[in-house]
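Heads up: the structure comes next, in structure tokens.
Here's what the structure looks like:
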């Protein structure tokens with residue numbers, strides 16, 4: 207059972223990190239990365255996001271046993287890549303990463319809500335928030351109940 211829980215924790219960590227990546231590829235308008243604050247801004251945003259999800263009783267259990275530093279680095283790389291920054295994401299596609307996890311709609315929603323709180327805390331302008339959230343919209347069908 208501990209091995210199964212460890213594997214689940216790893217996959218769930220991948221879920222959260224991959225939520226920030228679209229399967230379509232390509233890069234968003236370069237200005238979104240800058241509107242998020244570039245490297246420092248994205249790093250700060252991800253730190254706040256992880257603080258939120260670890261404190262969120264609805265989804266904190268999904269992160270138990272994960273390597274926070276590694277998760278932080280992966281999410282930073284993914285946001286950077288998806289928003290036109292100088293990074294390349296090399297991870298799994300969303301459907302493959304979430305296959306068999308049965309992630310519920312309310313868990314996906316909780317993560318997105320935590321992202322919004324994190325963006326507010328670090329002062330991401332509303333138009334930039336909306337653009338980043340638009341990257342998430344098509345991911346729901348690839349994450350939930352896979």
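Residue numbers (the working numbering): 207 to 352.
A virtual CB, placed ideally from N, CA and C, is assigned to each residue, including glycine.
Values in this document were obtained by computation on a predicted structure and should not be read as measured data.
Please state whether DSSP places residue 330 in a helix, a strand or coil. If DSSP states are grouped into helix, strand and coil, residue 330 belongs with coil.
What would DSSP say about residue 309, mapped onto helix, strand or coil? DSSP places residue 309 in strand when its eight states are reduced to three.
Distance, Cα to Cα, residue 245 vs residue 328? Those two C-alpha atoms are separated by around 13 angstroms.
When the Cα atoms are used, what is the spatial distance from residue 287 to residue 294? The C-alpha of residue 287 lies about 5 angstroms from the C-alpha of residue 294.
Buried versus exposed call for residue 241 [16 or more other C-beta atoms within 10 Å across all chains shown]: Counting C-beta atoms within 10 angstroms of its own C-beta, residue 241 has 16 or more neighbours from the protein chains shown and is therefore classed as buried.
Backbone CA spacing between residue 317 and residue 324 [nearest angstrom]: A straight line joining the alpha-carbon of residue 317 with that of residue 324 spans about 10 angstroms.
So within the stretch 261-319, which uninterrupted beta strand (DSSP E) runs reach at least 3 residues, ignoring any that extend past its ends? As far as the stretch 261-319 is concerned, it has no whole beta strand (DSSP E) run of at least 3 residues.
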